[in-house]
Structure formats: C-alpha cells, structure tokens
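Visitor: Next up is a structure, given as structure tokens.
In UniProt numbering, the protein residues as written are 1 to 168.
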C-alpha cells in the first residue's frame, strides 16, 4: 500500500510530475511529499566574473518561489502534502542523495521522478536516479515527458538521417 509519495520537482518537470503525483495520491489516498532541490553549482564556474553571492541569492529566491507554487498547486488540488526545498551546497548532498535522504526521513513508499533526458555532454551531468538508488531502497517510478510524442523518445538526428538516406 502506498501512503506517502515523494515527488522530486524542478521548474521544468513540475507541470508533468505534479498532476501525476496528485492522481496517484488520490488513487491511494496518500500524502504527497514534494521536494524542490536547488543546485547552484553549475553557476560557480562564472563566479570569478560575477558576484557569486548575488547569483546564489537569486537561485535561492527562485527556489522558494517554485516551492511556494508547488505548495499552492497541491493545496488547490486538496492533496495532503508537505513541500520542501533543499539548497545543495548547504546540505552537503547531491540531488539524488537529497531525494533519497528525504524519502528515508519521511518513510516514503514511492518516489516519482521525471524521465531522464540524455543530452550532451551526458558525462558531466549527475545521474539522479542512480544516486537516489544509492541513498534509499524506496521504489522509483519515472513519469515520461508527455511532450515527446505521448511520452515516447524522439528519434535522434542520426536516426532521421538514416531514414532519409543521408548522414547526420
């Protein structure tokens, strides 16, 4: 039985994951634990050229706005929910580690994540699902992006070129 669902949200995944979490919570009469993780580390590379403190504060403020929006959406849907925001450099965790730690802390029965999109340079990006699996034994469910042909992956440029007899 599912009584607590942890849903890990970002600005771009919220429109896809929130409705899925709300539907699942209604089906199982479960509580939603919404988590928004703010990771300013990609901005640290430009810190020598810009005021890092200002960038950090702006990202934190945006994270708080996102968390408030998520809480408002869940309240409007009449879902029993808790909303959290974690700022990564202060927590000492990776994104996946933060998700797993919160799942353990709250005793979540299921974790909802957005389907991973592989982009170049993939080796520079954190494998969130892998880190979540390291941090918790809570089952994961991936919600596909409905914008990509009903959730299916879009063919690559190379695949399209092969179909047309050309090269990418």
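Where a beta carbon is used, it is the ideal one built from N, C-alpha and C, also for glycine.
Return the bridge partner residues of residue 4 from the DSSP annotation.
Guide: Bridge partners of residue 4: 31.
Visitor: Tell me which residues share the same chain as residue 129 and place their Cβ nearer than 8 Å to its Cβ, disregarding the 5 neighbours each side in the sequence.
Guide: Answer for residue 129: 96, 113, 116, 140 and 142, listed in chain order.
Visitor: If contacts are defined as beta-carbon pairs under 8 Å, then residue 16 and residue 145 qualify, I think. What distance do you get, rounded to the angstrom?
Guide: Right, the Cβ-Cβ distance comes to about 6 Å (below 8 Å), so this counts as a contact.
Visitor: Which of the three DSSP states, helix, strand or coil, is assigned to residue 19?
Guide: In this structure, residue 19 counts as helix in the three-state DSSP scheme.
Visitor: Measuring CB to CB, does residue 109 end up less than 8 Å from residue 33?
Guide: Taking 8 Å as the Cβ cut-off, residue 109 and residue 33 do not qualify as a contacting pair.
Visitor: When the distance is taken between beta carbons, is residue 107 closer than 8 Å to residue 135?
Guide: No, Cβ-Cβ distance for residue 135 and residue 107 is not below 8 Å.
Visitor: Output the distance between the C-alpha atoms of residue 35 and residue 79, rounded to the nearest integer angstrom.
Guide: Each residue's Cα considered, the two are about 15 Å apart.
Visitor: At what residues does the beta strand (DSSP E) containing residue 81 begin and finish?
Guide: Unbroken beta strand (DSSP E) run through residue 81: 81-87.
Visitor: Is the Cβ-Cβ distance between residue 18 and residue 86 less than 8 Å?
Guide: Cβ atoms of residue 18 and residue 86: not closer than 8 Å.
Visitor: So, using beta-carbon positions, are residue 88 and residue 38 closer together than 8 Å?
Guide: Yes. Within cutoff.
Visitor: Let me confirm a value: residue 22 is counted as buried when at least 16 other C-beta atoms fall within 10 Å, else exposed. Which label applies?
Guide: With 16 or more Cβ atoms within 10 Å of its Cβ, residue 22 is classed as buried.
Visitor: Would you decide whether residue 92 is buried or exposed? Buried here means 16 or more other CB atoms lie within 10 Å of its CB.
Guide: Flag for residue 92 reads exposed.
Visitor: Using DSSP with H/G/I as helix, E/B as strand and the rest coil, what is residue 36?
Guide: Looking at residue 36 - three-state DSSP - the assignment turns out to be strand.
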